[in-house]
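There are 2 protein chains.
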Amino acid sequence: MSGSTDGSARGRVTLQHIADELGVSTATVSLSLRSSPLVAAATRDRVQAVARSLGYVYNRSAASLRTARTNMIAVGFNDIVNPYFGELLAAIEETLAGSGHTVLLGTYSDDPVKQDRVLGTLKEYRPDGMIVCPANGARAASLRDVADAGIPLVQVSREISGVGLDFVGSNDALGTEAALDHLFALGHRRIAIIGGTDAMSTGANRRNAYRTYLAAHGMAVEAALMVEGFGTRDLGFAAVHGLLDLTSPPTAAVCFNDLTAFGVMLGLRHRNREAGRDFSVVGCDDVKEAALWAPGLTTVKNHHADMGRRACERLLARMVNPALTPERIVIEPTLVVRGSTTSVG
Amino acid sequence: MSGSTDGSARGRVTLQHIADELGVSTATVSLSLRSSPLVAAATRDRVQAVARSLGYVYNRSAASLRTARTNMIAVGFNDIVNPYFGELLAAIEETLAGSGHTVLLGTYSDDPVKQDRVLGTLKEYRPDGMIVCPANGARAASLRDVADAGIPLVQVSREISGVGLDFVGSNDALGTEAALDHLFALGHRRIAIIGGTDAMSTGANRRNAYRTYLAAHGMAVEAALMVEGFGTRDLGFAAVHGLLDLTSPPTAAVCFNDLTAFGVMLGLRHRNREAGRDFSVVGCDDVKEAALWAPGLTTVKNHHADMGRRACERLLARMVNPALTPERIVIEPTLVVRGSTTSVG
DNA sequence: TTGAAAGCGCTAACAG
DNA sequence: CTGTTAGCGCTTTCAA
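Chains as they are written, first to last, in UniProt numbering: chain E, 1 to 345; chain B, 1 to 345.
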């Protein structure tokens, strides 16, 4: 090809060019390209044909300026390497694709300052809505800023208390209770809780549920058995060592998430102990890998794909009707028992 | 607060409002907000203060229309649940955040038709650049369409042969050879290859390297030992059964990726065999979980975080200078030996 | 150092 | 059924 059309087509074909080519107005072109019934079928076809031949590419920025809609949904997460969030993001992206929305992604590694910066940037793209999992220690004002700028927002997985915004997540306390019930029934009376902090809803909810449960079942709540921190493999790995070194070590642990539980299982092996034989460990999330480890990980299933879907649905509903009263949509978790838990030796 | 400013601030504050408030022009406001040296410091400060108090939010769509830059980079992947791509995406997102770019995400599940649709949509957002891992069976025209629309594009991980666009990926053949060398040295003479298709570069490269290696080392290339398919756990799991049922079953397998290898290890266990004892398995990618399985997975490390970073760097370079000659940036993989391989029994 | 004016590419009244 | 016109919010000459 001598590239004659290509040359002019380098991302620079506009409605005007098509209009000129056909001797019609840009309005007609605009309507034709969207297959509006207002325009004659013959005209529509001619316009579409010329658009194609000219290599026309619709310019959403321009349209957005006019319509005040971008068809983008911003997603703010701490971390997408954690498969829990990876899978959650995948569910969201897929659901939104179904309604013609594209995901704009930002991450902030559980750093509230970075979160504010990232959300601020995302906001400037004027997404039609935003799905956010708040950072550890994030303040209500950070999310309110977004909502006050007129962007529908739903919190997913974690929430900021009193922020007055939609939330779709899991019943953390119930999950922790189910895990503790399971261990209690297996005879465990010294149970650690590893991971989570009181500065994120999921951490606070689970740690409080733990405290309450222990008290209600006549077990003392010992600081040494409550290992605070982010839900990483490293935390789990390191925590095991400390716990096993206690004068009176625990026989089981509930973990903030599956990643932490995997770290615990590795730490155990490192000390010549095996989960499900010498020690019981319960995870949380039920990521794909949980079923596949040896032994399989007993874990609290958060139904996170469902959570992602429901967050999208809620957001779309709020986009249609911004006056909706904020709602807390809480999904019941399920305990999945596998090989990593056993009766106390 | 009685919300008087909030009411008008609902995402509707523009430069004009700030200008009116101060009796200056929008030009001055625009310059002030970007801290241009052209404007007096005192003016600048007053403008910025008013902008803040009015709850002004910069409108990137409007700016983009004017500047023809969006500061968005589109990323097109098949699947982000596979931790390999999740980690790759994380590396890309992080790198781009450093240069002030935000990621626009699209996925297409290895479906070339869906890929075309998704890339078409992404294109309309006029991202400043695009990073794409082509779908299985994707044609050159799909990516050329994007590039011809004037959007700088780099292929990552997989490439379409002859498309004449940048590519950042791994030396697939070398990785496969390293895996086979390792198995050969352990005495294996019947080696399967599981996963990958000839319709994606990574699959074709590895399968060809396998064919060549076997021929060069006096082993017959048997169709039954070459299990074609996408790199899923399910494929690995299913393939093992078929392979073990052969009259003369293999003693080892190289897998398309770690996920497939995990599936193989599970399938083995299902047949009362253990990887690293009764059968040897080599993965590819070295995702985080690979080191943590029991036994640890011997795998070909693709350095995918590095790959993501380099893809971004190449893209940024091309954005600065679109005339750059397309380049193939090939990263040397490393074999990581762990417990899933052993000498032939 | 600041303002006026034009225009990026599109859509939405409104008129015809 | 199609054209005219105005304008979304910003940046960028060019003048003053």
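Where is the CB? At the ideal position from N, CA and C, for every residue including glycine.
Quiz prompt | Cβ contact (3+ pairs, closer than 8 angstroms) linking the stretch 310-319 of chain B and the stretch 282-299 of chain B | solution = no
Quiz prompt | Rounded separation between Leu-225 (chain E) and Val-254 (chain E) - CA only | solution = 10 angstroms
Quiz item: Applying the criterion that 16 or more other CB atoms from any shown protein chain within 10 Å of the CB defines a buried residue, is Ala-252 (chain E) buried or exposed?
Solution: buried
Self-check item: Residues in the UniProt domain "HTH lacI-type" (13-67) of chain B having any Cβ partner in chain E nearer than 8 angstroms
Solution: Gly-55, Val-57, Tyr-58, Asn-59, Arg-60, Ser-61, Ala-62, Ser-64, Leu-65
Quiz prompt | Below-8 angstroms beta-carbon distance, Tyr-84 (chain E) vs any chain B residue | solution = no
Quiz item: Under three-state DSSP, which class holds Leu-174 (chain B)?
Solution: helix
Quiz prompt | CB of Met-307 (chain B) within 8 angstroms of CB of Val-168 (chain B), strictly | solution = yes
Quiz prompt | chain B contact for Val-81 (chain E) (CB, 8 angstroms cutoff) | solution = yes
Quiz prompt | Short-range partners of chain B found in the stretch 137-161 of chain E, where Cβ spacing is below 8 angstroms | solution = Asp-148, Ala-149, Gly-150, Ile-151
Quiz item: If you follow the beta strand (DSSP E) that Asp-285 (chain B) is part of, which residue opens it and which one closes it?
Solution: Element bounds for Asp-285 (chain B): 280-285.
Quiz item: With 16 other CB atoms within 10 Å as the buried threshold, where does Ser-32 (chain E) fall?
Solution: buried
Quiz item: Where Ala-135 (chain E) and Asp-110 (chain E) are concerned, what is the direct C-alpha to C-alpha distance, given to the nearest angstrom?
Solution: 4 angstroms
Quiz prompt | Boundaries of the alpha helix (DSSP H) in which Ala-216 (chain E) is found, first to last residue | solution = For Ala-216 (chain E), the enclosing alpha helix (DSSP H) covers residues 201-216.
Quiz item: Apart from the five residues on each side of it in sequence, which residues of its chain come closer than 7 angstroms, Cβ to Cβ, to Leu-186 (chain E)?
Solution: Residues Ser-280, Thr-341, Thr-342, Ser-343, Val-344 of the same chain have their beta carbon placed closer than 7 angstroms to that of Leu-186 (chain E), with the five preceding and five following residues left out of the count.
Practice problem: Express the C-alpha separation of Leu-119 (chain B) and Arg-144 (chain B) in angstroms, rounding to a whole number. | Solution: If I take the Cα positions, the gap works out to 11 angstroms.
Exercise. Might you give, ordered along the chain, the residues of its own chain that have their beta carbon closer than 7 angstroms to the beta carbon of Met-200 (chain B), omitting 5 neighbours on each side?
Key: Asn-136, Arg-158
Quiz item: What span of residues does the alpha helix (DSSP H) with Val-50 (chain B) cover, start to end?
Solution: 41-54
Quiz prompt | C-beta contact flag for Ala-305 (chain E) and Glu-93 (chain E) at 8 angstroms | solution = Against a cut-off of 8 angstroms, the Cβ pair of Glu-93 (chain E) and Ala-305 (chain E) comes out as no contact.
Quiz item: How long is the line joining the alpha carbons of Leu-244 (chain E) and Asn-205 (chain E), rounded to whole angstroms?
Solution: 26 angstroms
Quiz item: Can you list, in chain order, the residues of its chain whose CB lies under 8 angstroms from that of Glu-21 (chain E), leaving out five sequence neighbours each side?
Solution: Val-50, Leu-54
Practice problem: Report buried or exposed for Val-75 (chain B), applying the criterion of at least 16 other Cβ atoms within 10 angstroms of its Cβ. | Solution: buried
Quiz item: Touch check for the stretch 207-223 of chain B and the stretch 145-154 of chain B: three-plus C-beta pairs under 8 angstroms?
Solution: No: fewer than three Cβ pairs fall under 8 angstroms.
Exercise. Answer yes or no: do Leu-15 (chain B) and Val-29 (chain B) have a C-beta to C-beta separation smaller than 8 angstroms?
Key: yes
Self-check item: Thr-102 (chain E) - partner residues in DSSP beta bridges
Solution: According to DSSP, Thr-102 (chain E) shares a beta bridge with E:Met-72.
Self-check item: 6 angstroms CB neighbourhood of Arg-233 (chain E) in its chain, flanking five on each side removed
Solution: Spatial neighbours of Arg-233 (chain E) in its own chain (CB-CB distance under 6 angstroms, excluding positions within 5 residues in sequence) are listed in chain order as Leu-259, Phe-262, Gly-263.
Self-check item: Separation of Arg-269 (chain E) from His-217 (chain B), as counted between CA atoms
Solution: 39 angstroms
Quiz prompt | Contact residues within the stretch 256-276 of chain E, judged by C-beta distance below 8 angstroms to chain B | solution = Phe-262, Leu-266, Arg-269
Practice problem: Check the Cβ of Leu-104 (chain B) against every Cβ in chain E and list those closer than 8 angstroms, keeping chain order. | Solution: Met-72, Thr-102, Val-103, Leu-104, Leu-105
Practice problem: Note the first and the last residue of the continuous beta strand (DSSP E) segment covering Cys-312 (chain B). | Solution: Unbroken run through Cys-312 (chain B) is the alpha helix (DSSP H), 304-320; no beta strand (DSSP E).
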